[in-house]
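Q: In my numbering, the protein residues as written are 4 to 374. Note that the Cβ used here is the ideal one computed from N, Cα and C, for glycine as well. Here the structure is a predicted model, which is why all the values come from computation and not from measurement. Below you will find the structure I want to go over with you.
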């Protein structure tokens, strides 16, 4: 948006929140009704993982939106470049790993024709993220989806009560006064309550038997995730960080969560579906907060969201056709990595020029008040 449309980074962040929302709606709309043949017909979206991550991600989005108003453009540009560089390296590394793993699986399938003993070897490279689990029912998990909606509505209620930066909300409060910040801080106990409840729930205690494949070598790397509640705390922490960065940059947070999920062995197609689902919740929250904070040009932002919705549908069909033809889901990982690598070059170059222009023109380049 900054390069093509010539918008400043903060305006582009608010626009991108709407664009990400439009694209996520298309992705989630397709993935909700697409069944994973590798998991007995269960949906591509891992709802257990989404339940564990979403509360902290929504809290992070709230913090990130405030940081977007406070941080100067040069700091946002620097953080964006560092974040994308880290994500790109991790994404390409995971892509290479899955490419090799898929090649091994092809060799195993070919050797299967020689003898039946290879069937045990195939099973040895199929391991759930946090242990074995029974075959899951094929019915749609409406209960888990309902819990996620309740979580989203809880945070949305806080934003409605708090209002925007001018104090315009359901109740009349002083802009950026004590009541304003007290209402904002209620998101912290909300996040703690939902996260602890989900972590301690029997429904998630066994954690996600996600649809992914790992090699025998990866079994040892995943031992630390087998069952311990303490290990599950890493996921909410990463979700919080992803939400903060998503709120600052207006990208929804999914680009940071994706390398993490791939790192622990979740299949690329399941990672893409689950991240799109989580990004839908966090991006809608970002978009609503930008509206409440006095965002301008909302009509143009909605138009961009519609365009992204259509483009995402076309992209989904193209990617699905390519994966079906070549049988390699790692193509998803490489495509995301390429986009991030290009973003590093373009955004860093343009951001540096923008910061230089601000410096030459003598504009204020320090921190600002959130209100």
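(1) Can the beta-carbon of residue 162 be found closer than 7 Å to that of residue 306?
(2) Buried or exposed, going by whether 16 or more other CB atoms sit within 10 Å of the CB of residue 323?
(3) When you compare each of 73, 348, 285, 333 to residue 84 by their alpha carbons, which one comes out closest?
(4) Could you say which of 361, 261, 356, 371 lies nearest to residue 89 if we only look at CA atoms?
(5) Alpha carbon to alpha carbon, how far is residue 188 from residue 202? Give it in angstroms, no decimals.
(6) Rounded to a whole number of angstroms, what is the C-alpha to C-alpha distance between residue 358 and residue 352?
(7) Rounding to the nearest angstrom, what Cα-Cα distance links residue 228 and residue 59 in this structure?
(8) For residue 148, which of 301, 277, 360, 271 has the nearest alpha-carbon?
(9) Using beta-carbon positions only, say whether residue 155 and residue 280 come within less than 7 Å of one another.
(10) Classify residue 367: buried if its beta carbon has 16 or more other beta carbons within 10 angstroms, exposed otherwise.
(11) Report buried or exposed for residue 335, applying the criterion of at least 16 other Cβ atoms within 10 angstroms of its Cβ.
(12) Confirm, please, whether the CB-CB distance from residue 373 to residue 82 is below 7 Å.
(13) For the alpha helix (DSSP H) containing residue 179, list its first residue and its last residue.
(14) If you drop the 5 nearest sequence neighbours on each side, which residues of the same chain put their C-beta closer than 6 Å to that of residue 265?
(15) So what's residue 133 in DSSP terms, helix, strand or just coil?
(16) Classify residue 189 as helix, strand or coil using the three-state DSSP reduction.
(17) May I have a chain-ordered list of the alpha helix (DSSP H) segments no shorter than 4 residues that lie completely inside the stretch 307–366?
(18) In terms of residue numbering, what span does the alpha helix (DSSP H) encompassing residue 372 cover?
(19) How many angstroms separate the CA atom of residue 15 from the CA atom of residue 105?
A: So, from the listed chains and residues:
(1) Within the chain shown, numbered from 1, the residue matching residue 162 stands at position 159. Within the chain shown, numbered from 1, the residue matching residue 306 stands at position 303. Not closer than 7 Å, so no.
(2) The count along the chain shown starts at 1 and reaches residue 323 at position 320. Its Cβ having fewer than 16 others within 10 Å, residue 323 is exposed.
(3) Stepping through the chain shown from its first residue, residue 84 is reached at position 81. Nearest option by C-alpha distance: 348.
(4) Start at 1 with the first residue of the chain shown, and residue 89 comes out as number 86. For residue 89, the nearest C-alpha among the options comes from 261.
(5) Against the chain shown, residue 202 aligns to sequence position 199. Against the chain shown, residue 188 aligns to sequence position 185. When rounded, the distance between both Cα atoms is 22 Å.
(6) By 1-based counting over the chain shown, the position of residue 358 is 355. By 1-based counting over the chain shown, the position of residue 352 is 349. Cα to Cα, residue 358 sits roughly 10 Å from residue 352.
(7) Walking along the chain shown from the start, residue 228 turns up at place 225. Walking along the chain shown from the start, residue 59 turns up at place 56. Any reading at residue 228 must be qualified, since the residue scores a pLDDT of 39, below 50, and its modelled position is unreliable; the value itself is stated next. One C-alpha to the other measures close to 19 Å.
(8) In the chain shown, counting from the first residue as 1, residue 148 sits at position 145. Checking every option, the nearest Cα to that of residue 148 belongs to 277.
(9) Here residue 155 refers to the residue found at position 152 of the chain shown. Here residue 280 refers to the residue found at position 277 of the chain shown. No, the pair does not count as a contact, with Cβ atoms beyond the cut-off.
(10) Here residue 367 corresponds to residue number 364 of the chain shown, with the count starting at 1. When all chains shown are included, residue 367 counts as exposed.
(11) Taking the first residue of the chain shown as position 1, residue 335 is located at position 332. The residue in question, residue 335, is buried, as its Cβ has 16 or more Cβ neighbours within 10 Å.
(12) As a working note, residue 82 is residue 79 in the chain shown. As a working note, residue 373 is residue 370 in the chain shown. Result no, Cβ atoms of residue 82 and residue 373 do not sit closer than 7 Å.
(13) By 1-based counting over the chain shown, the position of residue 179 is 176. Unbroken run through residue 179: none, as it is neither H nor E.
(14) Within the chain shown, the letter at position 262 stands for residue 265. The residues are 97, 274.
(15) Taking the chain shown and counting its residues from 1, one reaches residue 133 at position 130. Caution applies to residue 133, whose pLDDT of 37 falls short of 50 and renders its modelled position unreliable; the value that the coordinates give is listed next. Coil.
(16) As a position in the chain shown, residue 189 is number 186, starting the count at 1. Residue state, collapsed to three classes: coil.
(17) 333–364
(18) Start at 1 with the first residue of the chain shown, and residue 372 comes out as number 369. Here residue 372 belongs to no alpha helix (DSSP H), and DSSP marks it neither H nor E.
(19) Counting from 1 along the chain shown, the entry for residue 15 is found at position 12. Counting from 1 along the chain shown, the entry for residue 105 is found at position 102. C-alpha separation (whole angstroms): 38 Å.
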